[in-house]
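Protein chains in written order, with our numbering: chain A, 6 to 235; chain B, 6 to 235; chain C, 6 to 235; chain D, 6 to 235.
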């Protein structure tokens, strides 16, 4: 079960972004701006940054999350986003004396397969322990562990990258587990920065159409729109 | 005159880094670690990260600075550091109705040249204003302004990059103005994160020798050391 | 006058990108794919990458340009694009015994101002030389040089970043000198990679509207479109 | 078995780097420099860049590798290096009708465990196929596949990052499979750029000591050196 906790973040993230943004077109410095901006002015500035695509000031606010209960399948996808910082639990240095793993809902839904799935994963973990006891180093024994194995990590991302990653990973065509992860990331951001949190959404909401081969149904694809118009 | 103010930063930056670092070798999650670590344990962990070169956890703490009173000469160098976020006052959009500029000490030291320097810079600024009044857009009029012209910006850097940049820019062979800038950056970091602040130092302190062609005198060059030994 | 020469690039850049892209959905390896893909298949794959926003395979082809005859005003803007590599002529280490500079067309158009502009820039350069002769180091003497001063550099950018940067810098609302620079960059890319070269275009061609505050006239702004529809 | 093929690279990579480096301290442009530099001058320039830590010109040469026969355990580590581009075979979109996997030597060395390892991995793959046949999507069925499962990818890295990554991953304390991978990467680079290839080596060769907790024996640790001296 994905667990996400915001353990640290740039205080007053929206105001920090807005003050930085104003520096580019203002004769006044940032220290002064931070204090003077009203929340209304902050919201208006963030609106304008996003609608005009001037996204770099959004980098001045960062968010650090503790993430647990995701599979290695998903963490492998996650760390492909390079504009972020990750520190992940190592399967080389940590011998897993306790073992948790993810079961996809499509498998849970089929009783007989589900039983085999648990059996197979348990067998793999039992062999992992047996190898550790026989002196195989953890870094080698782990080769037998399934992609389902849970991992934990700390991730820091700035607001610009969060908007970008959510545009891809809140798309319902993304892997269900990573969708779940970023829904929780969004919920955490919304608590402390509602204006920014509202910008964490699938790309189609910004495009006005679906750019995947097939739509989930929320928006028609570009091809479907072209079809209707003609 | 360089002015640097830390306007925002990851709260409790050293603890955040240490908790993230522990996640990689621990069976416990980050939320728990953040609360349990003593300052002593935090310092020990940061020591170990740096001495072993495991620097990525240092990325989880970011620092946002308001910087004013630096020349465009220096801001051009500064933004070459790409692992950081900058928002700079635009000479395209801001018409400089007030004008400040930097005078290098080597020029101030020579009375006659100094007078010519001020004269020449003032002439350039006067023409800038004349061009604005004649309807030349600010983005073109500024071509006449000298590299000495002051600028202001907001810069966000994480602790890993701060350590890297200071290793280069606190070297006394670096441009004097950027040395001054990062001395003030270091002073600001030291106030809120003394353990990290202590790591902001020229590369020679880490190498034990000077890797420039000629030394400033603090450490001998590698060639000088080799000479002495033979 | 901006001069751009493509001095090196990933050979067969479009095929390299297409082969890499196919690896993600294919049971065959990249070495085999590189040889087998027809140019038609290559074009089709690149079309699909771009229309679906799966841009990362475009990073596998890089282009290295020699750039000369741009002002420091423009190089300062240019190096703000951080997903690229730059090596620039240093005003610290190179004493400029020859001096070239840029004159914006809006200034050339006004005879009297133009004369003053040349006078002022020449005066600044004369003082620069005088300071060098008086023993002022080049790194300090340059503070008097104008933003108009020409510089040269080598820039390497991959195809993904070229597409992104051109989307911003071929916009006619961008600074005219950087527009000229990227028009020449585009022309160089077109010679060796016509399919990619065609993708180097202002953002409005992709959006179907102008997201600036005011349009240059090619596409209406989002606000203008909304106005017409209602 | 790790397979690495250099499928593309910046032609004449060392000359490209050297010409770019010279631009920073030269009054001549890069196009001219590329033609005039002798291989001896190229080598001398690259020596100086590396010994003085002026590494950014090394970014102008990129290398693109087809990599096959590595485990997902290793690809997960590999993609943590963020200054590079990767396109990896997807387990979401590719149903693995053929299955290869890695067996660590420490396991092969223990006959009985090895048999169990093959059995367990085979069982997992059989269940994977059974799930596919039952209509479970590949993206979910793969949760049962072990970290040992082979993957393939295309990786592009510039020379600066190759030097950095090899300094970490050619250390014999690194995971054996990633050591093997980068030994083959190094061999490929050496064929076309011997001067650069020689710089792909573990960090201890540069430091003169081992900065790991325990040495592999090639160099003593810093603590061991301090001990001997006192």
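Here a beta-carbon is modelled for each residue, glycine too, at the ideal position from N, C-alpha and C.
Residues 179 and 208 of the same chain have their beta carbon placed closer than 7 Å to that of residue 173/D, with the five preceding and five following residues left out of the count. With contacts defined as CB atoms closer than 8 Å, residue 61/A and residue 131/A fail to qualify as a contacting pair. Of the candidates 121/B, 142/B and 10/B, the residue whose Cα lies closest to the Cα of residue 134/C is 121/B. Following the DSSP letters along the chain, one finds residue 13/B inside the beta strand (DSSP E) bounded by residues 8-14. Shown here, residue 67/B sits in a strand according to DSSP, grouped into three states.
Residue 17/B and residue 198/B have their alpha carbons spaced roughly 8 Å apart. For the 8 Å CB-CB criterion, residue 78/A and residue 148/D form a contact.
It is roughly 14 Å from the alpha-carbon of residue 113/B to the alpha-carbon of residue 126/B.
With a threshold of 8 Å between beta carbons, residue 169/C makes no contact with chain B. Using a 10 angstroms sphere on the CB of residue 33/C, the tally of other CB atoms stays under 16, which defines it as exposed. When CB distances to chain A are screened at a threshold of 8 Å, not a single residue of the segment 144-163 of chain C falls below it. Restricted to the segment 66-115 of chain C, the beta strand (DSSP E) segments that are unbroken, complete and at least 3 residues in length are 67-76 and 90-93, listed in chain order. Boundaries of the beta strand (DSSP E) harbouring residue 157/C: 155-163, taken from the DSSP string.
If you look at residue 199/D, you'll find it in the alpha helix (DSSP H) that goes 199-202. In this structure, DSSP gives residue 215/A an extended state, which the three-state scheme calls strand. Note on residue 221/C: under 16 other CB atoms within 10 angstroms of its CB, so exposed under the neighbour-count rule. For residue 52/A, no Cβ of chain C is located within less than 8 Å of the residue's own Cβ.
Short of 7 Å from the beta carbon of residue 26/A, and not among the five residues preceding or following it, lie these beta carbons of its own chain, in chain order: 50, 54 and 62. Across the segment 11-32 of chain B, CB contacts with chain A closer than 8 Å involve 12, 13, 14, 15, 16, 17, 21, 24, 25, 26, 28, 29, 30, 31 and 32, in sequence order along the chain. Excluding five sequence positions before and after residue 136/D, the CB atoms of its chain that fall closer than 6 Å to its own CB belong to 146, given in chain order. Interface residue (Cβ-Cβ distance to chain A less than 8 Å): residue 122/D is classified as such. Of the candidates 139/A, 68/A, 159/A and 41/A, 68/A places its Cα closest to the Cα of residue 192/A.
Spatial neighbours of residue 217/B in its own chain (CB-CB distance under 8 Å, excluding positions within 5 residues in sequence) are listed in chain order as 176, 178 and 226.
Taking 9 Å as the Cβ-Cβ cut-off, the segment 213-235 of chain C approaches chain A at 216, 217, 218 and 227, given in chain order.
When 9 Å is used as the limit between beta carbons, residue 57/C is near these residues of chain A: 216, 217 and 218, in chain order. Under the DSSP assignment, residue 17/C falls outside any alpha helix (DSSP H); it carries neither an H nor an E label.
When rounded, the separation of the alpha-carbon atoms in residue 156/A and residue 162/C is 35 Å. For the options 203/B, 98/B and 159/B, the alpha carbon positioned closest to that of residue 171/B is the one of 203/B. Cβ neighbours of residue 38/A within its own chain (closer than 6 Å, five residues either side excluded): 24 and 27.
No Cβ-Cβ contact shorter than 8 Å links residue 205/A with residue 158/A. By alpha-carbon distance to residue 101/B, the top candidate from 108/B, 229/B and 129/B is 129/B.
Under the DSSP assignment, residue 32/B falls outside any alpha helix (DSSP H); it carries neither an H nor an E label. Taking C-alpha positions only, residue 83/D is separated from residue 75/D by approximately 10 Å. Straight-line measurement puts the Cα of residue 12/D at about 35 Å from the Cα of residue 214/D. If you draw a straight line from the Cα of residue 97/B to the Cα of residue 64/C, it is about 31 Å long.
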